[in-house]
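Chains as they are written, first to last, in full-length UniProt numbering: chain A, 1 to 261; chain B, 1 to 300.
Backbone N, C-alpha and C fix where the C-beta goes; we use that ideal spot for every residue, glycine too.
Remarks on the structure that follows.
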């Protein structure tokens, strides 16, 4: 197809090149500057790992990183479990209200983040919950559900019914079929969903900013707060680290999805 | 128990689906309802609310009270909504202008190359928006790399100081939401049968006509989905205007945050949020009436 000149639109290549340059230039500049030994954001003054050392020595950053990991881990596990059992429940089921159920699960994706943040804050405070890591986890679980759900559902939909029918033919009961056939086949979808939920949790800023309360700062909150003090090489380093962690996670998630499909 | 569920698939389905759906209903739908109620309450001086019905928040949106308690029309808040709409609309148009040719380029590639490039398009989805926006501060600030580059090439001879302007804000918004435009256009173009384009050439169409009469109409569902996916989060943007607009270029998101921060006017903040939510829901309903139910969430 690519060889056929009738199927080409000249000029789109330049647009795509501009697109990718626009998308990646800032990220590359940020990562490059995190290795700059000077404090300038323009002039290159030599290569150094020093700023990463400064980051790892800063107790505030380490505490924020620990909070991010705690929140990410709990909200990933809980949201992935909820999403998995919901996906299994909805699999191939045709019933009235299916659209409504899917809409509810997708709701966290369509409501603007700032609105979710406001509503969640009001709700927590009016039922008398103390703001802290607990409220952050609770809020994260909710918006992570659709991110975990979508890859799991996609995986289930791509799974031929014949496998399960074969298991039934071989006298497996429903539980055995689920345990020995469905679950092993579903596993890559669950892992991919969990990874996306984890990154989503790790990256969230707006909702966390509203419901964190003192002492429950995550990394994005720390970065936002230190930006108020101005641009520092330290922020470049911690930001680059976060970028790299996200990219590694998405790559693994994509790789698992590709290899198993 | 297990026997009960085996014999009643509907009950089993309900048992499996209800934890996730229940969690979202309890911790998202209920809070949204509570937010609506809050918007009709009175503000307490140091945050929180007084449980007395009041339309003050909605009055405050359009009017301000004079010393003698008479109402004077005040367009300041309306202007922020209009501004946000303007910025979101320009962002959406810019995203179509950059995103459409990019998507068209992607579908012309070999499957293997496509996979790699599509992966590159999705990566920004999963990287921290705050961090990526911060990268633009480094580029746009006075004597930053953009200024430096433009001066080196000779386009400008003094620093532009783009940071904390509407231009910076727009660059940041387009940057944040561009992948949301490329992905849906790509998936509708992927299904495009290129023989239709060849048929158009056979019938004497040139490239531009083929593009205008064949490719763009067939890509329309993707373009529409992309517009919704850009417009909706753009209206509620908080991080970009805060960091790149520097608090001067206020958008709805910043205004809402202020009511829970400095202004301590929760009912007004709730009313502003509810107005934003209503606008978003109207846009989504209009979209799904035109392009079919679930077209957005089902990814079709």
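The beta carbon of residue 172 of chain B sits closer than 6 Å to those of 133, 136, 240 and 244, all from its chain and outside the five residues before and after it, given in chain order. Cβ neighbours of residue 85 of chain B within its own chain (closer than 8 Å, five residues either side excluded): 235. When the beta-carbon positions are compared, residue 35 of chain B and residue 118 of chain A come within less than 9 Å of each other. Around the CB of residue 12 of chain A, 16 or more other CB atoms lie within 10 Å, so the residue is classed as buried.
For the alpha helix (DSSP H) assignment, the uninterrupted runs of no fewer than 4 residues enclosed by the segment 106-180 of chain B are, from N- to C-terminal side, 111-122, 129-140 and 145-153. Secondary-structure assignment with DSSP links residue 72 of chain B through a beta bridge to B/64. For residue 52 of chain A, the closest Cβ of chain B is not nearer than 9 Å.
Under a criterion of Cβ atoms nearer than 7 Å, the residues of chain A adjacent to residue 124 of chain B are, in order, 23. No Cβ-Cβ contact shorter than 9 Å links residue 220 of chain B with residue 107 of chain A.
Annotation for residue 224 of chain A: 205 and 209 place their beta carbon closer than 8 Å to its own, counting only its chain and skipping 5 residues before and after.
In terms of Cα proximity to residue 72 of chain B, the closest of B/82, B/278, B/61 and B/81 is B/61. Taking CB atoms only, residue 149 of chain A has a neighbour in chain B less than 9 Å away.
Put simply, the segment 93-100 of chain B touches the segment 211-226 of chain B. At least three CB pairs are less than 8 Å apart. For chain A, the residues of the segment 269-294 of chain B that bring a beta carbon within less than 7 Å of one of its beta carbons are 269, 270, 273, 276, 277, 280, 284, 293 and 294, in chain order.
By the criterion of at least three beta-carbon pairs nearer than 8 Å, the segment 104-116 of chain B is in contact with the segment 184-194 of chain B. Rounded to the nearest angstrom, the gap between the Cα atoms of residue 90 of chain B and residue 120 of chain A is 31 Å. The continuous stretches of alpha helix (DSSP H) do not include residue 36 of chain A, and DSSP gives it neither H nor E. Legend: CB atoms of the segment 89-115 of chain A lying less than 8 Å from CB atoms of chain B belong to residues 89, 90, 93, 95, 99, 101, 102, 103, 104, 105, 106, 107, 108, 109, 110, 111, 112, 113, 114 and 115.
Under the criterion of beta carbons closer than 8 Å, residue 192 of chain A and residue 151 of chain A qualify as touching, at roughly 4 Å. Proximity of chain B to residue 47 of chain A at the Cβ level (cut-off 8 Å) is not reached, the minimal Cβ distance being about 18 Å. At least one CB of chain B lies nearer than 9 Å to the CB of residue 220 of chain A. When rounded, the separation of the alpha-carbon atoms in residue 34 of chain A and residue 187 of chain A is 37 Å. Residue 42 of chain B sits in a strand when the DSSP states are folded into three classes. Using beta-carbon distances, residue 220 of chain B does not count as an interface residue toward chain A, since no partner is under 9 Å.
Taking 9 Å as the threshold, the shortest C-beta distance from residue 92 of chain B to chain A does not fall below it. The beta carbons of residue 120 of chain B and residue 141 of chain B sit about 27 Å from each other, so the pair does not count as a contact at 8 Å. In its own chain, leaving out the 5 sequence neighbours on each side, no residue places its CB closer than 6 Å to the CB of residue 123 of chain A. Per DSSP, the unbroken alpha helix (DSSP H) holding residue 102 of chain A starts and ends at 98-110. Only exposed fits residue 18 of chain A, as fewer than 16 other CB atoms lie within 10 angstroms of its CB. With 16 or more other Cβ atoms from the protein chains shown falling within 10 Å of its own Cβ, residue 203 of chain A counts as buried.
Taking 9 Å as the upper bound on Cβ-Cβ separation, chain B lies near residues 78, 79, 81 and 82 of the segment 59-82 of chain A. Not flagged as an interface residue toward chain A: residue 213 of chain B, since no C-beta distance is shorter than 9 Å.
Proximity to residue 128 of chain A across A/211, A/251 and A/27 peaks at A/211, based on C-alpha coordinates. A direct Cα-to-Cα measurement between residue 80 of chain B and residue 213 of chain A gives close to 28 Å. Residue 26 of chain A and residue 248 of chain A have their C-alpha atoms some 18 Å from each other. Between residue 207 of chain B and chain A, the shortest Cβ-Cβ separation is below 9 Å.
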